[in-house]
Every structure is written in C-alpha cells, then in structure tokens.
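Written out below as structure tokens is the structure these notes cover.
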Amino acid sequence: MRGPPPPRSTCLIHELSDELLATIHVLSIPEELTDPGPGSGKAFFAYMRRSKSLQYPHLLRRVCRRWHTLVTRNPILWSYIFVNAIDGDDHEYRPEQYELSLELSRDRPLALAFEVGGLSCRTILSTEPFARHVHRMRQLFINELDYSYQDPVLPLFPTTDTLALEAIRIHTVRSISEHGSYFRALKHSWRNGRAHQSKPVLRSAPRLTEFTLSGLRRNTECYSVYQIGRAGVQWSNLTVLRLPSIPRCAVDLFVVISCASRLRILRCTVFGEAECDELREEESYDVLSESEDDWSEDDDTSDDEEEEEDVSDRQDADDCIGSASGRSPTVDAYDRRARRERRRAEAERRAQEKEELKAKRMKKKEEFEQRQRALMGPHKLVDLEELHIDVGHDEDETSAYSSYTNFDGTNDTRTGTTKFLDGLIAPALTTLAISAHERLYRPPRLTESDYMSNGDIEEQEDGSGPFLLKPALKSFLKRSRCKVRHLSLGRLFISLPELLAIVKRCRHLHSLHLDRTLRFMRTSLVEGLTKRVGRKNRFIAPTLRHLVIESYEQNLYSGIRNSQILDMIDARWPPGWSDLSIAYVKVVHCPCSESGDKETSKDAAEARMRSRLASVQARKDVRLVISDIKRCAALQREIDSWGLDESDFL
2 MRGPPPPRST
12 CLIHELSDEL
22 LATIHVLSIP
32 EELTDPGPGS
42 GKAFFAYMRR
52 SKSLQYPHLL
62 RRVCRRWHTL
72 VTRNPILWSY
82 IFVNAIDGDD
92 HEYRPEQYEL
102 SLELSRDRPL
112 ALAFEVGGLS
122 CRTILSTEPF
132 ARHVHRMRQL
142 FINELDYSYQ
152 DPVLPLFPTT
162 DTLALEAIRI
172 HTVRSISEHG
182 SYFRALKHSW
192 RNGRAHQSKP
202 VLRSAPRLTE
212 FTLSGLRRNT
222 ECYSVYQIGR
232 AGVQWSNLTV
242 LRLPSIPRCA
252 VDLFVVISCA
262 SRLRILRCTV
272 FGEAECDELR
282 EEESYDVLSE
292 SEDDWSEDDD
302 TSDDEEEEED
312 VSDRQDADDC
322 IGSASGRSPT
332 VDAYDRRARR
342 ERRRAEAERR
352 AQEKEELKAK
362 RMKKKEEFEQ
372 RQRALMGPHK
382 LVDLEELHID
392 VGHDEDETSA
402 YSSYTNFDGT
412 NDTRTGTTKF
422 LDGLIAPALT
432 TLAISAHERL
442 YRPPRLTESD
452 YMSNGDIEEQ
462 EDGSGPFLLK
472 PALKSFLKRS
482 RCKVRHLSLG
492 RLFISLPELL
502 AIVKRCRHLH
512 SLHLDRTLRF
522 MRTSLVEGLT
532 KRVGRKNRFI
542 APTLRHLVIE
552 SYEQNLYSGI
562 RNSQILDMID
572 ARWPPGWSDL
582 SIAYVKVVHC
592 PCSESGDKET
602 SKDAAEARMR
612 SRLASVQARK
622 DVRLVISDIK
632 RCAALQREID
642 SWGLDESDFL
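For reference, each letter of the sequence shown is one residue, going 2 to 651 in this note's numbering.
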C-alpha cells in the first residue's frame, strides 16, 4: 500500500531551476505538434478536449502556480499551435481562441498544425488573427478531412512572402477535378508564355527545405512533379521530399533528383511495369534544352520532295519558254546546256547544304541522347539517409508490356523500380523501405481474387521464378557502399529465397519490418530467420535487434504458430544474450493452432505454448508483443469443409 505523498519541500521536481524546468516543458511538446502525421490531429484534439484545454500550454499551466508562471513566460511553448478548423455539428471554429497563443509566442517562429474540414485553409491563413503572423511561420502542417465541400488547399501563398517557412506537409483527400484544375491552369500558363500570370503555391519561400504532398486519390499528369517545381518549390533547396501519391516514371523523377542534390529523406512512387527512358510530359523536354523535332528525319524527307518538285517545275517552265520564243535550234541548245549547268550547280549546292544540315541534326540527336543518358543517372546523393520507394501500377496502360524500345533503339525489359534503383548512388543511406500498393510486379490479367493453387505455394517457397528485386537492390547497395541498418518491405509478393537473400545482403541490419512481404506468410519465413547459414554458421542479419512481422490477410495457406516464434527468439536471442541491449519482436497475425504429437494433445501443446510465452515476456533482455487476429468465420468454414486440420495446408 502506498504511503502519503512526500511534502512539497522534499519533492525533487520543486528543486529544479526555472531554466531546467522550462527546457523540460519544451521537450515535452507532443509529437502531434512537432512531427504530425495523417490522423494524429484527431486523437490529439480529442485528448485536449477531454482535459478541457484548448492548447498544450493551457494544460501545463493548470499543474501549479509556478508552472503557470513559467509556461506563460515561455514563448517557445506557445509557438506550437494546433488549429482545429472543422465546421461540424459538435465543433465550431472560432478565430479568437488562437489570439492568446499568437500573442504569447511573441516573435518566435510558428509551427502550425491544421486539421481542416468544411472550411478553407487559405481563407483562415489570410484573415485575422493569422494574417498578421504569416511572415514568421516556420512549419505548416495541413491534414484535410473528407468533407463534402471545402476549397482546395493549393495554392497556399500566391501573393504573400513566407520568408521564414522551412517545412510544408499537406495530406489531402482531393480528387482530380479539384487539385487537378490548379495544375492544369499552371501548365497552360507556362505553355502559352504567361508564366508571370500563374499563381504559384508559394510566391517566395527561400528557406523551404521540406515539402510533403500525400493522400491524392488518383495519379494523373496534372500532378506531375515537374509542375510542382513550376509552382514555386525550389528543388535545389530541399532536404526532405515526400511525394508518395504521385506515381511517375523513373526518368520523370530523375528530372527532380538531378536538381535536388541535397536530399536527406526521399519518398516517391515508381511504376512496377516496364517503361521507356523518354520523358512522358512535353513540358519536361526543356530540361534537355532540345527536342526531338530539331532532328526529325521526316522533315528531311518532306524537304527533299519539295525541292525536287521545285526543280521539275522550273525545268518544265524553261522548256515551255524556249519553245514559245521561236529561237533557232543552235541558240536553244546553247541555252539548254547553260540551264543544265546552272541546275547541276544548284543541285550540288543543295546536296552540300543537305549534308551539312543532316550532319548538324545528327550532332543534335547525339547530344540529345547523351543528355538523356546522363539524366538516367546514376545520380549521387551524398546526404541521402532515408529512401522510401512505393511501387504503383499504371492503370492507363496495359500491364502486358514486358519491354520497351528506348530512344537509342535498345530493347529494355527493366521495370520502373529497377531503373530507379539503377540510377541512384547513396553512400550515406541507412534506412530503406520498399512497398507496393498491390505487388512488386503485376502479371497480365492477374487479380487479387484469383484462386490460390499449390503451384503458387511451391513457386514462393522454392523461388523457381526469376528474382524481381534482389538483382537491382544488390547492384544498388554494391554501387553505393552504404550500410543499411533499417529495412522495411511491404506487399511485394516476392519468393521466400529472394526475401532471405535481400535480408542477407544487408549485413549491418539492425531493424527489419516485414508487412506481408510474401503472398503467403507461412512458417517457412520464421524458419528461414532461425537457420544458420554460410561457412561461419551465422544467422541471417546477425546484428538484428528489432523485428516486426505483420500479416493481416487471412487465407488457407498463411499462418504461423506462436510456438515457432518462440523457437526463433530462443535461437537468436537466448536468455542472457546481452546485459545492455534489448531485442524487440512484434508479430501481428492470425496464428495457427498448436499441433500435438502422438503423446501430446492439442490442448496440452497450447498450454505449453502459453507457459513459454509468459516466460519469454518476463525476460528483461527481450520484449515480445504478439497480437493475435481472430480468424474470420468464412475461412474457418472453408477449412472445415476440407475435412482436414489447418496444419495440412502449411
């Protein structure tokens, strides 16, 4: 039983100096204000509402009189402001509620986190009380909610200078007809030579180093990364760029990467199908400073035909004139000979001009191809530490394409993912994440509802098919000479041997996150992470300390027994494996029931597993979290209809 609280004079927190306590207050600012993400504002607002506080400093001021005074005098605390700009039945936006925070923040740079729903974020920022403080805005985070009507976020500050702005994060739920109209208008302004009349996203933001735009519902050329650059974002200043909802060809992304050499964090989406090396959008050709029209062979053919027609017409006209004049045959012969000599000289001059023009066009073509090859990389990003690659699929084109003919006539079977990895060098890379919306590569006419056969299981387990990711990833890591310590792979549907080969390639791996990397998350995955390989008889990724396995999908051929997870932990991190480090293992799955042998029933095996689980969770050197998902009724009925035990499918 706890005793009474210690007297005020003996409580250590009251012995802290004002300066140290103020520092603690600043460090306690929640992540929803300093590093917000999509959906974080909703939970933060609900918590503040339950605590009957409008802003985080209001909550701190209620602790005691001393804290009230210190918090009021600390402008840094008041510079982080959460704005709940939602026009709903249970909440009404009131601008006057934020005047106190803006006043107490004094002249400190502001970090604003907006939760927008039913209102216009641009209108809020351009009216009181925020309009007077836009010049000292340092961070702007906007999370749009899915409301039936609200103005698009872009453009943000087309007529206002934001000289202190360093970071912008926008998570939107807009559709093509809303945000797309802005980018289309921007494209037409540049195409028609009226760039000065366009409204940029930012008129002047020289300190902007972070730009994030996510949540777009569909990919379209209106969301071209090149258009974002024309909208006022200076690629050369960026250190953080996240565009996860804008699938682009590798060459389109290289247009940006060739300018953004200071990138430290990059997240983008590439296509999983084969693609050509030519820029898709016509506006991007001025990056190469020359277009294909300058050396088109069709123009040569048409010019030659016109010249031949002109020569033939002039010859016919001369003959007609000579016949009609009635001159003597000697004079006519002399004139015809002179005309032939003039035509011969003119033909030689035209041939020489044609050769010179052809040579000039060939030179331009070679220069164009050289610039195109240089654009494809490899590009060296010396500061890049985190790389997140999302793999999408082009819905506008058939997925049956297996190759493309590039500008130089070569047949290229590489996918956009492979080309993107082939065009990068990142010596400082420590974090690598690769995930797919559907799968790494989508074969023709393949749907998620296709029947799962034993052949699919054998192909995954044996790796009989070609490796899709490992060759390009191996070449990228070898070329970069980097040490990847954090690896995340999600929904790639590669084979088990390829997955283990990728993990083995990352020799310095400290953290591994697998989110349905295989189509069937089976016991063989855990067994592969448990086996010792090589001449040194070591585990794959021997320095692994953080392992997360997620498998939310349920089907007949997926499932891992919890006892096998415990076997892996006992093998890789036996009791007493370290006095200082702690291994973290998290598994989210629908577990298979424990199977007993001839002398042990299923109930006894289940009880033994629970006892082992409690023993492992009580250890100080391992932290184990297993989240079991309840098996859906439809899957259980399918298992029962076969009249077999679920272990027969694994």
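Glycine is no exception: its CB is placed at the ideal position from the N, C-alpha and C atoms. Predicted, not measured: the structure shown is a model, and the values here were computed from it.
Q | Length of the line joining the Cα atoms of valine 589 and serine 628 | A | 5 Å
Q. Taking the continuous beta strand (DSSP E) assigned at methionine 232, which residues delimit it?
A. Note on identity: in this sequence residue 232 is alanine, with methionine being the wrong assignment. It is not in any beta strand (DSSP E) - alanine 232 carries neither H nor E in the DSSP assignment.
Q: Would you kindly work out how many angstroms separate the C-alpha atoms of glutamate 367 and arginine 482, rounded to a whole number?
A: 32 Å
Q) Can you give the Cα-Cα distance for threonine 163 and leucine 385, rounded to whole angstroms? A) 27 Å
Q: Identify whether lysine 471 lies in helix, strand or coil by the three-state DSSP scheme.
A: helix
**Q.** Given lysine 532 as reference, the closest of Met522, Ala346, Pro543 once Cα atoms are compared
**A.** Pro543
Q: Answer yes or no: do valine 226 and leucine 244 have a C-beta to C-beta separation smaller than 8 Å?
A: yes
Q.
Assuming valine 392 is part of the beta strand (DSSP E), what are its boundary residues?
A. 387-393
(Q) Can you look up threonine 35 in the DSSP assignment and give me helix, strand or coil? (A) helix
Q: Provide the residue(s) that pair with leucine 141 in DSSP beta bridges, ordered along the chain.
A: Leu113, Ile169
Q | leucine 376 beta carbon less than 8 Å from that of valine 252 | A | yes
Q.
Can you find the residues in the same chain that come closer than 6 Å, C-beta to C-beta, to lysine 420, ignoring five residues on each side of it along the sequence?
A. Ala251
Q: May I ask you to report which of helix, strand or coil DSSP gives glutamate 129?
A: coil
(Q) In the DSSP output, what is glutamate 211 paired with across the bridge? (A) Ala168, Val241
Q: Identify, in the order they occur along the chain, each residue of the same chain with its Cβ nearer than 7 Å to the Cβ of threonine 524, setting aside the five sequence neighbours on each side.
A: Ile561, Arg562, Gln565, Leu651
Q | leucine 388 beta carbon less than 8 Å from that of leucine 441 | A | no
Q | N- and C-terminal bounds of the beta strand (DSSP E) containing tyrosine 81 | A | 81-87
**Q.** Extent of the continuous alpha helix (DSSP H) run through proline 58
**A.** 57-62
Q. Do you know how far the Cα of phenylalanine 131 is from the Cα of leucine 239?
A. 26 Å
**Q.** Coil, strand or helix - glycine 42 by DSSP
**A.** helix
(Q) Using only the alpha-carbon positions, how far apart do lysine 200 and threonine 35 sit? (A) 29 Å
Q) Do glycine 424 and histidine 380 come within 8 Å of each other at the CB atom, strictly closer than that value? A) yes
Q | leucine 515 - containing alpha helix (DSSP H), residue span | A | That residue, leucine 515, is in no alpha helix (DSSP H); its beta strand (DSSP E) goes 512-516.
Q. Arginine 362: beta carbon under 7 Å from a heavy atom of the ligand SAH?
A. Questions concerning the ligand SAH fall outside what the structure shown contains, since it holds no ligand whatsoever.
Q | Range of the contiguous alpha helix (DSSP H) that encloses glycine 529 | A | 524-531
Q: Pull up the distance between the alpha-carbon of valine 241 and that of serine 52, whole angstroms please.
A: 35 Å
Q | Separation of arginine 249 from tyrosine 558, as counted between CA atoms | A | 34 Å
Q: Have a look at serine 612 and glycine 491 and give me their C-alpha separation to the nearest angstrom.
A: 32 Å
**Q.** Classification of isoleucine 435 by the beta-carbon crowding that lies within 10 angstroms, buried from 16 upward
**A.** buried
Q. Should leucine 515 and valine 549 be called a contact, given that it needs their Cβ atoms to be closer than 8 Å?
A. yes
**Q.** Candidates Pro37, Ser262, Ser41, Asn75, of which the one nearest isoleucine 25 by Cα
**A.** Asn75
Q. According to DSSP, which residues form a beta bridge with lysine 381?
A. Ile426
Q: Closer than 6 Å by C-beta to valine 202: which residues in its own chain qualify, once you throw out the five before and the five after it? Chain order, please.
A: Leu155, Pro156, Leu157, Ala232, Gly233
Q: Please confirm whether arginine 133 and threonine 161 have their CB atoms less than 8 Å apart.
A: no
Q: Enumerate, from N- to C-terminal direction, the unbroken beta strand (DSSP E) stretches of 3 or more residues contained entirely within the stretch 574-606.
A: 584-590
Q) Could you give the C-beta distance for leucine 101 and serine 262, rounded to a whole number, given that I count them as a contact under 8 Å? A) With a Cβ gap of about 43 Å, leucine 101 and serine 262 do not count as contacting.
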